[in-house]
Ligand code: ADP
C-alpha cells in the first residue's frame, strides 16, 4: 500500500499541476487573443481609455479563483490587473523573466514563485500579438493553495487507509499466529507425553487444514506406536513366562560372553542366589576353563557336561549344557550364545545303574558258568573214570546250575516288578496264618540249625489286604536271610503290629552276625552283598532284599533294616491295612 501510495500520490500531484498549468495557459492564450485588438490606441485619447476599460472588464470577467491577471503593454507596463488591491501597480513595469520572455515573443513561459505571503504560485505569461508585432503580454499568477490542499487531503486519506490496514494486519497476524502456534504447542505437549509413555491423550484436531492433517497424522502415529509397544510388551511377557516356566535352564550372553539373561531354573541349577551380577562371564558362571570358554563364545563347542553342586554338601547335579551361537543376520558374526541347561542327573544315574546292573548280571552268571565249564572239562578229561569223583563233580554242576536258575528266576521276577507287569492280587489275609506258614516252610532248616523261631501278632492287626503270594516271597526272603546269617542255636522272631501311622508293620528279627554300619545304607541295592564269598556259598543271589523292597513298594509300603554287628538284624516292612483305592481285589 505504501508503494502504491507513493506512486499514486506523485502521479496525482503531477497530473493535477499539469492540468492546472494547462488551464492557466489556455486562459492566458484566450485572453491574449481577445485583447489583441485593444492595443494600439493613442495615449491619452478617449479610445485608449475605453480600451483600458474594456480590458479591465475582460480581466475581471475572466476571474480565476484567487489568481492575479495582468495585462501588460509592449514595454511591460501594467495596463490593468484583476486584483483591486494591486491597482496601485498600474502603470508600473512588471520585470519578471516570464514577462520579458513573453514580450520577446516566446509563447510558452511559466515558473513557480513564492509570493510575499509565503504562498506558492504558478506564473504564466503569453505575448499579445497583433499583426506580426508583440503589442503586449498577459500575465497570470495563480495561487496553488487549493491544489496543495487537495493533495494533502488525498495524502491523509492514504495515510489513514494505511494505518487502518496496518492495524487490521496486526490483528489478523496475531489471530493467524495464534491459530498456527496453538495446535503446534498442543502437539509439542503431546509429543513429550508420548515420549514419556503416556498414550491416553489425543491431539485436538482443529480443522482440515495442514495443521489439522498433521494433528490427525500425529494421533494415528501415537495409536500405531502404542499398538507396537503393547505388542512388544506382550511378546516380552510371553517370552519371560516361557523362560520362567521352562524345566530347562536358559542363559544368554552377548558376544563377549557376558551374561545378559538367565531364567529362574538356570539360577537354581547354578546355585546363583539373588539378582544376576551385571555382565557376569558365562565361563565363570558355569565353571568352564578358559579354553572351553573361548570355544563356546566362538561357537565351536556345542555341549558340555557339568557337575554342579547347588548347595554345599549335596550330591552334585549332572547338567548337560548345549550351546547355540546367535549369528548376526549380516556378516554372520557371532552376536552371542544361548546356553540351555538340562538336569540329566536322574538319567545319568539310571544309565550308571543300568551299566552296573548289566556288569553285575554278567559277573554273577559268569562265575557259575566258569565253574560248570571247568568241572565238565575235568569230567571229560577222565574224571568220569572215577565214579566217586564224577558223582561229586556232577553234584557241583547241578548246584551251580540251580544257582543260575535261581538267579535268572530272581532277575525275571525283578524285571516283572520293574516293568509293573505283574499286577497285585490283593485279598484279605490273616496275618498270623501267614507268619505261621512261613515258619512252617523253613521248619526243616530251622530244626537243622537248632534255631528257635517265634511268631507274635498283635490283636489290632488280625487281617490285612495284600497279595499273599508276593508277601510270602518277601517273608521267605527275609526269613531265609535270617536263617543263613544266624549261627546255630540262634533265635528268629516274626512279629506283626500296627505302626504309628496306622500301617501293618511286619518285622523279622534274628540274633545273627549282623551287618556293618557302612553297608546298611546300600543293603537293598541289587547284587549288594556284605561278604560276597560267604553269600555265594550260602546260595544267595544278592537280589533277595531288592525283590522284597520292590514288592513292598508296589503295595505302597516301605522297608527298613536295623542291625548291630554280631548281635543281629531287624528287618521291618510296612503295608497298608486297608484296601487301597485303585488296587485289584
Ligand atoms: P542274598 O541272596 O545274598 O542273601 P540279599 O539281597 O537277600 O542277597 O541280601 C543282601 C546281603 O545282605 C547279603 O549278602 C548279606 O550280606 C546281607 N544280609 C541280609 N540279611 C541279613 C541278615 N539277616 N543278617 C546278616 N546279613 C544279612
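In my numbering, the protein residues as written are 1 to 585. Using N, Cα and C, we set each Cβ at its ideal position, and we do this for glycine too. Note that this is a predicted model, so its numbers are computed, not measured.
- The segment 73-83 and the segment 46-57 touch, with no fewer than 3 CB-CB distances between them shorter than 8 Å.
- Between the alpha carbons of residue 173 and residue 187 lies a gap of roughly 21 Å.
- The C-beta of residue 183 has 16 or more other C-beta atoms within 10 Å across all chains shown, which makes the residue buried.
- A direct Cα-Cα distance of roughly 11 Å separates residue 482 from residue 494.
- Under the 10 Å beta carbon count, residue 444 is surrounded by fewer than 16 other beta carbons and is classified as exposed.
- Rounded to the nearest whole angstrom, the C-alpha separation of residue 437 and residue 577 is 20 Å.
- For the options 543, 522, 537, the alpha carbon positioned closest to that of residue 562 is the one of 522.
- Counting other Cβ atoms within 10 Å of its Cβ, residue 104 stays below 16 and is therefore classed as exposed.
- In the three-state DSSP reduction, residue 462 falls in the coil class, being neither helix nor strand.
- Residue 256 and residue 270 have their alpha carbons spaced roughly 20 Å apart.
- Check the Cα spacing between residue 333 and each of 254, 404, 309, 381: the tightest is with 254.
- For residue 122, the secondary structure class from DSSP, reduced to helix, strand or coil, is strand.
- Taking a C-beta distance under 8 Å as the contact criterion, residue 125 and residue 90 do not qualify as a contact pair.
- Residue environment for residue 534: exposed (fewer than 16 other C-beta atoms within 10 angstroms of its C-beta).
- The beta carbon of residue 416 sits no closer than 7 Å to any heavy atom of the ligand ADP.
- In this structure, the C-beta of residue 265 stays at least 7 Å away from each heavy atom of the ligand ADP.
- Closest in alpha carbon position to residue 487, among 447, 467, 294, is 447.
- Per the coordinates, the alpha-carbon of residue 569 lies some 5 Å from the alpha-carbon of residue 510.
- Going by beta carbons, residue 442 and residue 415 fall outside the 8 Å limit.
- Counting C-beta atoms within 10 angstroms of its own C-beta, residue 67 has 16 or more neighbours from the protein chains shown and is therefore classed as buried.
- Taking residue 199 as reference, the option from 227, 210, 181 with the minimal CA-CA separation is 227.
- In this chain, the alpha helix (DSSP H) harbouring residue 370 covers 345-380.
- DSSP places residue 290 inside the alpha helix (DSSP H), whose first and last residues are 290-297.
- The bridge partners DSSP lists for residue 576 are 503.
- Under DSSP, residue 249 shares a beta bridge with 341.
- Distance between residue 283 and residue 295, taken at the CA atoms: about 10 Å.
- Bounds of the alpha helix (DSSP H) holding residue 172 are 145-195.
- Here residue 421 is exposed: its Cβ has fewer than 16 other Cβ atoms, across all protein chains shown, within 10 Å.
- In the DSSP annotation of this structure, residue 496 is not part of any alpha helix (DSSP H); the continuous beta strand (DSSP E) holding it starts and ends at 491-498.
- Contact between the segment 135-144 and the segment 12-32 is present: 3 or more CB-CB pairs across the two stretches fall below 8 Å.
- Of the heavy atoms belonging to the ligand ADP, none sits nearer than 7 Å to the Cβ of residue 472.
- DSSP, read as helix, strand or coil, puts residue 485 in coil.
- Just so you know, the alpha carbons of residue 439 and residue 453 end up roughly 7 Å apart.
- A distance below 6 Å between beta-carbons, with the five flanking residues on each side excluded, links residue 396 to the following residues of its chain, in chain order: 375.
- Here residue 474 is near residue 573, since their CB atoms are less than 8 Å apart.
- Contact holds between the segment 363-383 and the segment 398-405, because three or more Cβ pairs, one in each stretch, are under 8 Å apart.
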